[in-house]
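In UniProt numbering, the protein residues as written are 1 to 395. Before any comments, here is the structure.
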């Protein structure tokens with residue numbers, strides 16, 4: 001990328017300056033299983049564009065995709081610049097013992113902490129794309145049919161909720177919750193039919209371990225009686241029907257763990273504004289969503305909710321805007337990428353200042369007098385008007 005010209009200050013006059021993007025070196029990308037091509041190639045493209053050599057470690061939970069990535073990148077890319085390492089925990093652990101110029105990890109927070117701990121040994125910078133419980137706040141003055149469809153699109157149309165930005169739970173008012181449940185039921189029936197387990201448009205759960213994990217959340221005594229629709233399972237086919245749960249306790253497993261699946265609990269409040277305190281009482285989410293037509297509520301949401309990204313009156317679509325950075329904050333991640341932000345994530349921004357041998361100000365050097373000290377102070381902090389005041393004795 002061409003150097004970015006930037007302004008200089010009076011203190012360096014005459015001069016020019018620029019920011020030069022410099023490759024970091026050799027970087028490690030550890031990707032996830034839920035979107036194995038997108039989450040592998042997106043950061044790899046950014047790393048290559050920035051001039052780095054890349055080692056990609058795809059997820060072993062998607063072995064067919066991992067194998068294909070190794071085949072295609074090995075066949076079509078320069079092997080001196082791009083390599084794919086397949087394997088599981090042992091291979092990942094061995095990679096993390098090496099010194100890298102940057103590590104980019106997509107996955108859960110538990111492994112993210114392991115990655116960061118390994119990186120600290122070499123002072124290696126990291127980007128951690130993690131997850132969390134992404135909330136949806138639903139106000140009452142909305143187009144409920146459109147809202148329901150967009151919530152479904154972000155939850156079940158996104159890999160049956162196996163996406164880091166999928167809606168994790170809904171907060172709405174006690175009075176409005178029954179209407180919202182009815183709207184979700186109606187739209188789910190249109191999308192997936194009376195027997196959603198047979199729908200070709202509904203993704204299966206990735207493996208038996210995750211199926212068992214989701215079943216445990218659903219069978220928890222605190223929520224098993226709260227199912228408003230869905231709940232059907234087919235363990236042989238690894239399918240779980242779109243499931244909505246109403247008035248689940250906040251101390252239940254489904255409300256303390258990231259769901260990452262087709263279960264959508266709803267918790268209710270007296271006033272929609274109370275939802276903001278609920279969200280802010282937990283770890284900062286990767287995404288947060290609000291459905292409302294109230295300008296004041298939108299402004300308060302943006303001002304008070306700390307999350308990786310926010311979307312008003314839709315879900316997940318901020319990912320499609322390449323001019324927006326995508327990343328988390330706090331427990332949901334470190335750093336950001338997408339579009340130019342991917343290039344920036346894998347670049348060192350090198351500051352360069354150019355000067356000639358003219359304009360060598362004597363006030364810069366000792367011995368310092370009262371006048372030269374005032375002039376130097378004006379040059380450094382007050383600008384041209386401050387310099388004029390000192391020169392003419394006005395200060």
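For each residue, glycine too, the CB sits at the ideal point set by N, CA and C.
Scanning its chain for C-beta atoms nearer than 7 Å, with the 5 sequence neighbours on each side dropped, one finds no residue around residue 296.
In the structure shown, residue 318 falls within a helical segment according to DSSP collapsed to helix, strand and coil. Exposed is the label assigned to residue 304, since fewer than 16 other Cβ atoms lie within 10 Å of its Cβ.
Looking at the backbone, the Cα of residue 31 and that of residue 111 are separated by about 12 Å. Residue 293 has its alpha-carbon roughly 11 Å from the corresponding atom of residue 299.
About 6 Å separates the beta carbons of residue 211 and residue 235, which is inside the 8 Å limit, making them a contact pair. When the five nearest sequence neighbours on each side are left out, the beta carbons in the same chain lying within less than 8 Å of the beta carbon of residue 258 are those of 108, 131, 132, 133 and 168, in order along the chain.
The DSSP-derived three-state label of residue 124 is coil. As the crow flies, the alpha-carbon of residue 146 is around 14 Å from that of residue 136. Put simply, the stretch 13-30 touches the stretch 92-105. At least three CB pairs are less than 8 Å apart. In the three-state DSSP reduction, residue 165 falls in the coil class, being neither helix nor strand.
When DSSP states are grouped into helix, strand and coil, residue 51 belongs to the coil group. For residue 242, same chain residues with a beta-carbon under 7 Å away, outside a window of 5 residues either side, are 156, 188, 192, 196, 230 and 262 in chain order.
The C-alpha of residue 177 lies about 15 Å from the C-alpha of residue 273. With contacts defined by Cβ atoms closer than 8 Å, residue 115 and residue 319 do not form a contacting pair. Shown here for residue 220: same chain residues with a beta carbon closer than 8 Å to its own, the five before and five after excluded, namely 252, 253 and 254 in chain order. Residue 56 holds the alpha-carbon nearest to the alpha-carbon of residue 77 among 92, 56, 64 and 60.
The beta-carbon separation of residue 307 and residue 127, rounded to 17 Å, does not stay under the 8 Å limit for a contact. If only uninterrupted beta strand (DSSP E) runs of at least 3 residues are considered, those enclosed by the stretch 188-274 are 227-229, 243-246 and 263-269. Taking a cut-off of 8 Å on C-beta distances, the stretch 7-14 does not touch the stretch 80-88, as fewer than three cross pairs fall below it. Look at residue 73 here: in three-state DSSP terms it is helix.
In the DSSP assignment, residue 309 is bridged to 287. Of the residues 217, 172 and 206, the one whose Cα lies closest to the Cα of residue 237 is 206. Separation of residue 43 and residue 351 (C-alpha to C-alpha, rounded to the nearest whole angstrom) is 25 Å. The closest CA to that of residue 286, considering only 312, 48, 129 and 385, is found on 129. Rounded to the nearest whole angstrom, the C-alpha separation of residue 301 and residue 96 is 39 Å. Of the residues 284, 184, 356 and 201, the one whose Cα lies closest to the Cα of residue 331 is 284. Scanning 160, 183, 337 and 213 for the CA closest to the CA of residue 204 turns up 160.
One Cα belongs to residue 270, the other to residue 175, and the distance between them is close to 8 Å. Around the beta carbon of residue 92, 16 or more other beta carbons sit within 10 angstroms, so the residue counts as buried.
Cβ atoms of residue 170 and residue 266 come within 8 Å of each other, at about 4 Å. As summarised for the stretch 335-367, the continuous alpha helix (DSSP H) elements at least 4 residues long and confined to that stretch are 340-345, given in chain order. According to the DSSP assignment, residue 82 belongs to the beta strand (DSSP E) that extends over 82-84. Counting along the chain, residue 5 sits inside the beta strand (DSSP E) bounded by residues 4-6. Rounded to the nearest angstrom, the gap between the Cα atoms of residue 119 and residue 1 is 27 Å.
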